[in-house]
Structures are given as C-alpha cells and as structure tokens.
Amino acid sequence: MPRPIPSFDSLRRVYTRSKLLHPFIGRVELIDRAAQNSLSEEVELPPQLQEQLARLQQLQQTLQAVTSQKQQLEIELSETDRALAELDKITDQTPVYKSVGSLLLKSERPTVLSELKERKELLGTRITVLGRQEERTKERMKELQTKLQEKLRPASPAAN
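Letter by letter, the sequence shown follows residues -5 to 154 in our numbering.
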C-alpha cells in the first residue's frame, strides 16, 4: 500500500536532527532545540525553494478540486445507473416523466433511456479523465515533495 502524501503544512514542519523548521511563508526560523529559549536565527528561504513550496501548495489545491469534481460526477453516475435500472423494470407503455429545471415533463421511455445512456457514457469518460489528472497530480506532488525534502535535509551530519 503506498504511503500517504504528506500535506504542505507537515512538509514545512520538517524536523531535522537538532533544529526545528517553523512554518512561515517564504521564511523559516531555525531554533536550536538545546537552546530554544535563547537566541534564534532567521534564515531567508532561497527563491527557488519558495517557488517549489508555492507550487506544492498549488498542486494540493488542484488535487483537492479534481477529487471533489470526480466525487460529484461519481454520485451523478450512480444516480443515472439507478434511473436506468428503474427504466429497465417498466414497459414502453408506462408513463415516464423527466425533470427539466423545476418541471416534470411527460416523455417517451425509449427517449429517456437513450438520453440516460448517453449521459452515463459522458460521465464515465469525464470520470476517467479526472482520474488520470488526479494520478498525474499525485505523482507531481510526490516528486516535488521528494525534491523539497532533499533540499531541507541538513547539509552535513555535524549539524547536531
């Protein structure tokens, strides 16, 4: 089972051997754990690192939006499947009504059946596309997180 992807905030709170990086946008304050009550030294994050952190946050927002859209479409697909199942239980002579805005209009069963099948196919395609986009976004996030974690590691083991 793949490891869950850490959040942007948890990545910014990376613990190193003897220093704790506090999350500030564009800045980190290094605090020596042995002398937390003494002087602290502020270090400016390099612009490239700031850009990568911003990109990671943007990817997380994109992932959240894509996942939300996909879930909504899956709910709609489920409702469409239920409607198709109900239409399969009745004959062509049974009156069928479809919702158009706030109105219910009488319609022919074959027409509604064909519209629902077309809608189901469209929803399936959109869900597949969003699923691929979700996976690509997760992969990009994982790659970027790995790069950031490498850059945030201490430069030498003598940094204790």
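C-beta: ideal position from N, C-alpha, C; glycine also.
Here leucine 98 is exposed: its Cβ has fewer than 16 other Cβ atoms, across all protein chains shown, within 10 Å.
Serine 101: member of the beta strand (DSSP E) spanning 97 to 101, first to last residue. Counting C-beta pairs with one atom in each stretch, the region 36 to 52 and the region 67 to 81 have fewer than three that are closer than 8 Å, which means they do not touch. Lysine 64 sits in a helix when the DSSP states are folded into three classes. Beta-carbon to beta-carbon, tyrosine 91 and lysine 100 are separated by about 6 Å, close enough to satisfy the 8 Å threshold.
When Glu137, Leu116, Thr131, Lys145 are compared, the shortest CA-CA separation from glutamine 55 is found for Thr131.
Between the region 107 to 123 and the region 54 to 73, the count of C-beta pairs closer than 8 Å reaches three or more; the two stretches touch. DSSP lists no beta-bridge partner residue for lysine 136.
Between glutamine 139 and valine 60, the CB-CB gap reaches or exceeds 7 Å.
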